[in-house]
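Just so you know, the protein sequences line up as chains A and B, in that order. To convert, count from 1 in the first sequence and add 1422; that's our numbering. Residue 148 in our numbering is what sits at position 157 of the second sequence, and the numbering runs on without skipping anything. Where a beta carbon is used, it is the ideal one built from N, C-alpha and C, also for glycine.
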Amino acid sequence: MSEMKLTIGYDGYEEGKKMQEMLEELANSPAAKELTSLIIGDWGGSYENDSSEIVETLVRLNGAFPQLRKLFIGDMDGEECEVSWILQSNLAPLLTAYPELLSLTIKGSSQLELEPARHEKLEELVIICGGLNADVITSISGGHFPSLKKLELYLGVDDYGFDGDLETVRPLMETGKFPALTYLGLKNSEIQDEIAIALAQAPILDQLHTLDLSMGTLTDKGAEALLGSDKVQKLQFLNLSHHYLSDGMMKRIEQSGLHADISEQQDSEDEDYRYPVLTE
Amino acid sequence: MERMIVIGNPENRRTASLQRARERVGLPPAVVVPYLDLLRNHISLTEAAEQGGMLDGIPPLLRLDAPGENFDVERELIALGAPDAARDEGDDRLLPFGGRDDPQPMSVRAASALMEQRGRLYHPSQWFRGYGRLLARLEREAGAIWPTAGWLNAPRDIAGMFDKRSTHNVLKAAGVSVPRRLASPEALPDYDALYDTMRDARLHRIFLKLAVGSGACGVVAYQINPHSGAELATTTLAFDSFISKPPQFYNVLKLRRYTDRAVIRPIVNWLLKHGAHAEQWVAKAAYGDRTFDIRQLVVGGEACHSIARVSRTPITNLHLRSERMSMEELSLPQLVQENMRKCAEAALAAYPSSSVAGIDVLIGKDLRQPPSVVDVNPFGDLLYNVAYQGMDAYEWQMRRLGSGRRDIAR
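The following block contains the structure:
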């Protein structure tokens, strides 16, 4: 297991450092053959250069990384680039070029596409963003991921790119699409209650061990539906961290026997001031 | 250290902490001269020294403490900075940018009529002019009483450390690593100049800081997006607009994120008019999903107490709800810690007439890069529950600077 993170800071970028060249250098190094996990951080001016050249380079160099199983495109924090300012591109060619990949994490949803969303072996797909566009959600729900065990999507808010609604998200809850799925995260959402209510009785829960509805705007309304569900009761873990539940509801959850994380209670009474964690 | 005069706000916890430390060390209490009494001419430094029996030719140690957290003092300082305030020749000599005009000056009468409003920023540049004038008077008066007056931190240095524009120049000249400055204050008269300079210099992410603000007060993390044209200002600053008078600015507790130019422009303009320092937003090192900077106290040339301010926001600061961590908890490599301490010591050494300062040190994402100094706080020794060799910051100063005068800067 060997992991590498490539990143270009402000100075490097202004001095003309290029992520493509760093990738070529890595591909030509002895470490390439052993590399199992590659993390692409700030690729230099990530708010003005999209990730397409990185995708092209990685696709071209796919033969150099025979052991690569984990890929993260866009691992940067707010000190480097606002999440909503990270310019992505269509990352689907990576899925095609790396058929042995097991895990793909993407940060930033601006200009993000994932078409065609197909991979025989991918087990983990995570998209971290302040607002995921409906096209990407539809690509995933209409895609082909027979081995996917973990799907974690930050849905976000409309100001930062979430242009869908519950109906956009609902196909992800259908059984049969992801036969191997055991972890479903539909999180960081401004419609977290609607999602919780829609999921509470969804047959897909029967195959899950973890349901992750954390980081969003969950209130008692959504929690009530979860509490009333036998399917939720059977989950091994329910993540509701960062929520707007009342003290009373938190107590009920604690007494219900659910294995739930209800940390980070938010204290807003006012509906207009409820936000998911990542909203930029 | 045997005899000490503290000029400060007597009700402040700083004064109380200092007196407790003196007691622990076995020193007599310091003579406290309240800022308010000085400003209202209720007492002079000479009278205070006389009352304390310090006019016998042996100069006491003089310590200036923070004038903040007292509205009456603030109001008197704004009045002292007024264009029509009574003053002597040379009263503005300690102000690094004293030749610049303050925007919309207030008369003594208007300043004296100010009412306290929570969080309000009344007139930062005129306040600083008033404080600079007071420092100049104290320096002159002390010099007349004791020709070799021993200031813990010289009034001139305090004025210089307080003004971030000056701090940048002093540190840079001394070879201390500082974040890149966007442009000189003269080149940044207003919002449009700032925006154009950022775009042309391709410095798209900056901190714009009120030159004389302390803590998070008057700090804006500002970024422009050359691709989309978007801009984003993260700050505790807010303002109310009025039809019949200029907007009033104030600090809020929770950080705000402004994306609307119509809101950002007046904030930037207000800061630049009062005097502001614009520097590169260096990407800070992270601890988990939070980033941090370090407040490193330096006493008598030696780095001592330190604390990291850890935050999920761009503005790490003790006064916001940032969490604090020790160097041990951060588990920074020894070499990085060593470089950080050296960097802080070099920053204080740039002020040879000062013995104590809290240095804000920034460690970049690339740990191999040298740390840089983002602020020098002459009153930066108020660090709660932070010990160094078993002592709090005040006791440490009493002991470290107490062994005769040799350790005290001249």
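- When DSSP states are grouped into helix, strand and coil, Ile1613(A) belongs to the coil group.
- In summary, the residues of the region 282 to 307 of chain B whose CB is separated from some CB of chain A by less than 7 Å are Thr282 and Pro305, in the order they occur in the chain.
- By the C-beta criterion, the region 190 to 209 of chain B is judged to be in contact with the region 265 to 273 of chain B, since at least 3 inter-stretch pairs fall below 8 Å.
- Nearest Cα to Leu1509(A) within the set Leu1554(A), Ala1449(A) and Leu1648(A): Leu1554(A).
- In this structure, the beta-carbon distance from Ala1449(A) to Ser1424(A) does not fall below 9 Å.
- In the three-state reduction of the DSSP assignment, Trp1465(A) falls in the coil class.
- Taking the Cα positions, Leu86(B) is about 57 Å away from Val1558(A).
- For the region 1476 to 1501 of chain A, residues whose beta-carbon sits nearer than 8 Å to a beta-carbon of chain B comprise Asp1499, Gly1500 and Glu1501.
- The C-alpha of Asn3(B) is placed about 20 Å away from the C-alpha of Leu288(B).
- Counting C-beta pairs with one atom in each stretch, the region 142 to 158 of chain B and the region 90 to 102 of chain B have fewer than three that are closer than 8 Å, which means they do not touch.
- Burial is judged here by how many other beta carbons sit within 10 angstroms of a residue's own beta carbon; Leu46(B) has fewer than 16 and is exposed.
- Within chain B, the residues whose beta carbon sits less than 7 Å from that of Glu1470(A) are Pro217 and His218, listed in sequence order.
- Contacts between Leu1509(A) and chain B, judged by CB atoms closer than 8 Å, involve His218 in chain order.
- For Glu1546(A), the uninterrupted beta strand (DSSP E) run begins and ends at Glu1546 to Ile1550, by DSSP.
- With 16 or more neighbouring CB atoms inside 10 Å of its own CB, Phe240(B) falls in the buried class.
- Excluding sequence positions up to five before and after Ala39(B), its CB lies within less than 8 Å of the CB of Ile(-4), Val22 and Val24, all in the same chain and listed in chain order.
- Chain-order list of chain A residues neighbouring Arg193(B): Glu1436, by C-beta distance under 8 Å.
- With contacts defined by Cβ atoms closer than 9 Å, Glu1574(A) and Leu1547(A) form a contacting pair.
- For Val327(B), the uninterrupted alpha helix (DSSP H) segment begins and ends at Gln325 to Ala340.
- Boundaries of the beta strand (DSSP E) harbouring Lys1492(A): Lys1492 to Ile1495, taken from the DSSP string.
- In chain order, Ala224 and Ile255 place their CB closer than 6 Å to the CB of Tyr249(B), counting only its own chain and leaving out the 5 sequence neighbours on each side.
- Put simply, the region 334 to 341 of chain B does not touch the region 275 to 283 of chain B. Fewer than three CB pairs are less than 8 Å apart.
- Judged by DSSP secondary structure, Thr225(B) falls within the beta strand (DSSP E) whose first and last residues are Glu222 to Asp231.
- Taking C-alpha positions only, Lys155(B) is separated from Trp118(B) by approximately 15 Å.
- Inside the region 1518 to 1599 of chain A, DSSP marks whole alpha helix (DSSP H) runs of 4 or more residues at positions 1556 to 1563 and 1588 to 1591, from first to last along the chain.
- Straight-line spacing of the CA atoms in Leu1700(A) and Ala77(B) works out to 54 Å.
- For Leu223(B), the chain A residues whose C-beta falls within less than 7 Å of its own C-beta are Glu1504, listed in chain order.
- For Glu1702(A), the nearest CB of chain B lies under 9 Å from its own CB, placing it at the interface with that chain.
- Taking a Cβ-Cβ threshold of 7 Å, the residues of chain B close to Gly1431(A) are Ala274, Lys356 and Asp357, in chain order.
- Taking the Cβ atoms as the reference, Asp82(B) lies roughly 5 Å from Ala127(B), within the contact range of under 8 Å.
- When 8 Å is used as the limit between beta carbons, Arg190(B) is near no residue of chain A, the shortest such separation being about 11 Å.
- Distances from the alpha-carbon of Ile350(B) to those of Ser344(B), Met97(B), Val377(B) and Cys295(B) put Cys295(B) closest.
- Here Tyr1435(A) has Gly1466 and Gly1467 as same chain residues with Cβ atoms under 7 Å from its own Cβ, once five neighbours each way along the sequence are excluded.
- Among the CB atoms of chain A, one or more fall inside 9 Å of the CB of Ala277(B).
- In chain order, Glu1702 make up the part of chain A whose C-beta sits under 8 Å from the C-beta of Arg248(B).
- Across the structure, Pro257(B) and Tyr182(B) are spaced so that their CA atoms are roughly 8 Å apart.
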